[in-house]
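Peer 1: Encoded as structure tokens, here's the structure I'll be asking about.
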Amino acid sequence: MTSHQGAYGLRFAGPVGDLLIEAPESWPLVSISQQVGAVNGRTEEFAEDEAELALVDGWASLVRQPAVVDFTFQRTMTEGEIAHPFLTRAAAAHTYWLRRESFHAGAFIANGKAWAVAADREGGKSSTLAGLALAGLPVLVDDLVVTRDTTMFAGPRSIDLREGAARFLEAGESMGVHGGRARFRLRLEPVPAEIEVGGWIFLEWGDAVEAVVLEPFDRLQHLMAHRMVKGPAQLAPEGLLGLAVLPGYVLRRPKSFASFEESLAALLAVAA
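Using numbering that gives the first Met the number 0, read the sequence shown as starting at 0 and increasing by one per residue.
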């Protein structure tokens, strides 16, 4: 029986490298390929059975069944580059076709459950997760949370940091500029392929470190705001509504590394 590397609840056949995990046979299989060619002049579309997705440095053409992702780049990308960041949008599209939910978020494991961490762009999500990883906590995924009912799936075993965060944390290997920005890659330890969702933490900037409990309707609003695919939501007990009944918090903290350790402590306190 052939084994495949995988992430986000999907197995991949193709150039995805060693950042992914050994995927369970129960995960749907997606074929990956890349070619060098023109990426300008195309139009994005997302239909019931196929999609065309613009990437910062390329293009992804998707077919729902049999599941295919065909990348086009202006140069040949390494397997590590395909695994992250380029696989993220394509994986989100295929999970949507599987009636699963996906979010621009990461997650760590505490007390045997996965706690999602979401933030707006440059909101400190990856640096927060990297801080947890360096403190010895298992990080499940950095950039794309995928759920099936209340199960969350592992992502690639890396976190890509911005230069300032990498310098502050003294961590990460320079990867050059990919996906529109300089990246410093921190490798992650192995984690389970699947784990139950414990709750949601939404990062915001504020004047002081404080954790605020979200009511169910507010949790739903925050979840909707961070969905990766903006198509019709699965508003059912096994979809967004089932996720919104789980604990949810907004964690506010100053936009300064001076409060970084205090912020991590507050985050771990709500996941205790």
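Beta carbons: idealized from backbone N, C-alpha and C, even for Gly.
Going by other Cβ atoms of all chains shown within 10 Å of its Cβ, with 16 needed for buried, is Gln-73 buried or exposed?
Peer 2: It is exposed - the Cβ of Gln-73 has fewer than 16 other Cβ atoms within 10 Å.
Peer 1: Is DSSP giving Thr-330 helix, strand or coil here?
Peer 2: Limits of the chain in this structure are 0 at one end and 271 at the other, which puts residue 330 out of reach.
Peer 1: Using a 10 Å radius around the Cβ and a threshold of 16 neighbouring Cβ atoms, would you call Thr-272 buried or exposed?
Peer 2: For the chain, the structure presents residues 0 to 271; residue 272 sits outside this window and is missing.
Peer 1: Hey, out of Phe-152, Thr-71, Phe-11 and Leu-168, whose CA is closest to Gly-197's CA?
Peer 2: Of the candidates Phe-152, Thr-71, Phe-11 and Leu-168, the one whose C-alpha sits nearest the C-alpha of Gly-197 is Phe-152.
Peer 1: Leaving out five residues on either side along the sequence, give the residues of the same chain with a beta carbon under 7 Å from the beta carbon of Gly-79.
Peer 2: Excluding positions up to five away in sequence, the list reads Gly-16 and Leu-18.
Peer 1: Report the residue from Ala-134, Val-176 and Gly-154 whose alpha carbon sits nearest the alpha carbon of Leu-160.
Peer 2: It is Val-176.
Peer 1: DSSP has Tyr-248 in a bridge; who is on the other side?
Peer 2: In DSSP, Tyr-248 forms a bridge with Ile-200 and Val-212.
Peer 1: Evaluate Glu-47 with the Cβ neighbour count: other Cβ atoms within 10 Å of its Cβ, from every protein chain shown; 16 or more gives buried, anything less gives exposed.
Peer 2: With fewer than 16 other Cβ atoms within 10 Å, it is exposed.
Peer 1: What are the boundary residues of the alpha helix (DSSP H) that includes Phe-167?
Peer 2: Residues 162-168.
Peer 1: Nearest by alpha-carbon distance to Gly-225: which of Ala-6, Leu-136 and Leu-239 is it?
Peer 2: Per the sequence shown, the amino acid found at residue 225 is His instead of Gly. Taking only the C-alpha atoms, the option nearest His-225 is Leu-239.
Peer 1: Just tell me which of Ile-200, Met-227 and Ser-157 has its CA closest to the CA of Pro-189.
Peer 2: Closest option to Pro-189, Cα to Cα, is Ser-157.
Peer 1: If I follow the unbroken alpha helix (DSSP H) through Lys-124, where does it start and stop?
Peer 2: 124-133 is the extent of the alpha helix (DSSP H) around Lys-124.
Peer 1: Determine, using beta-carbon pairs with one atom in the segment 244-253 and one in the segment 212-229, whether at least three such pairs fall under 8 Å.
Peer 2: Taking 8 Å as the limit for Cβ pairs, the verdict is that the segment 212-229 does touch the segment 244-253.
Peer 1: Can you give me the C-alpha to C-alpha distance between Leu-267 and Ala-109, rounded to a whole angstrom?
Peer 2: Approximately 8 Å between the Cα atoms of the pair.
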